[in-house]
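In my numbering, the protein residues as written are -12 to 204.
Below is one structure, written out as structure tokens, with a few remarks after it.
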């Protein structure tokens, strides 16, 4: 039921300026069905409407965002198209974002100035664009960890600002676009460490889009 992005290490390169190796992002989305019911009385059939949220024209997809063999400063972005191919109109769309630590091939902790946990790594993934239906929502995200950028950790802690997004009309002909841009941030000491701290670190990011029937949801 969510959109899952996985950033991880395939291997480690050791150079004077360490490379951050982030694996291909995997995305998967499910169908959101609020309700669907059929009740029969004699020869009459009453059928409930459905919500059916598709992203990029399908219930599932993979490899839409790719950020492989990435070094600090590398970027990736994608615009997702959300449609309601069901028969029932929705009131709004809500978005939720969470992440968990996923360190693959990380060097021995003793060789790092700081061993980064999930929130530390998320704070090094800058969000360069966060828009929905033509509206810039990145401007609503504060730099809560005071590292000079708006990052995944900032978005996760303020995701409630993305709770009342315009819903695509039923029938599948109306699409709402959501654009997410990411950048592997440079450390250069600004995060109380060095670029080598990020080597081998990663986070699994889960984004859920929920199609809601009522304003109160």
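Built from N, CA and C at the ideal position, the CB exists for glycine as well.
Keep in mind the model is a prediction, meaning the values are calculated, not measured.
Item: Unbroken alpha helix (DSSP H) run spanning residue 205, endpoints; Value: Any answer about residue 205 is impossible in this case: the structure gives the chain only from -12 up to 204.
Item: Close beta carbons around residue 197, own chain, < 6 Å, minus the five adjacent residues each side; Value: 81
Item: Which of helix, strand or coil DSSP assigns to residue 126; Value: helix
Item: Extent of the continuous beta strand (DSSP E) to which residue 68 belongs; Value: 62 to 71
Item: Between the CA atoms of residue 70 and residue 163 - distance to the nearest angstrom; Value: 7 Å
Item: Option nearest residue 165 by Cα separation, candidates 106, 79, 123; Value: 123
Item: Boundaries of the beta strand (DSSP E) in which residue 165 is found, first to last residue; Value: 162 to 171
Item: Sub-8 Å separation of residue 62 and residue 152 beta-carbons; Value: no
Item: contact_flag[the segment 127 to 144, the segment 72 to 79] where n(CB pairs < 8 Å) is 3 or more; Value: no
Item: Pairwise C-alpha distance: residue 138 and residue 109; Value: 7 Å
Item: Unbroken beta strand (DSSP E) run spanning residue 118, endpoints; Value: 112 to 119
Item: Residue 83 - DSSP class collapsed to helix/strand/coil; Value: strand
Item: Residue 246 in three-state terms, based on DSSP; Value: No information on residue 246 is available, as it lies outside the stretch -12 to 204 that the chain covers here.
Item: Nearest-angstrom Cα separation, counted from residue 154 out to residue 201; Value: 11 Å
Item: 8 Å CB neighbourhood of residue 161 in its chain, flanking five on each side removed; Value: 70, 71, 155
Item: Boundaries of the beta strand (DSSP E) in which residue 149 is found, first to last residue; Value: Residue 149 -> no beta strand (DSSP E), and no H or E assigned at all.
Item: Reduced DSSP category for residue 157 - H, G, I as helix; E, B as strand; rest coil; Value: strand
Item: For residue 41, the first and last residue of its enclosing beta strand (DSSP E); Value: 40 to 42
Item: Backbone CA spacing between residue 192 and residue 146 [nearest angstrom]; Value: 13 Å
Item: Helix, strand or coil at residue 77 [DSSP, three-state]; Value: coil
Item: Among 203, 86, 44, the one whose alpha carbon lies nearest that of residue 150; Value: 203
Item: Rounded C-alpha distance that separates residue 27 from residue 67; Value: Here the model assigns residue 27 a pLDDT of 35, short of 50, so the residue's position is not dependable, and the following value carries that caveat. Computed Cα separation, rounded: 39 Å.
Item: Residue 107 burial status per 10 Å Cβ neighbour count (16 or more: buried); Value: buried
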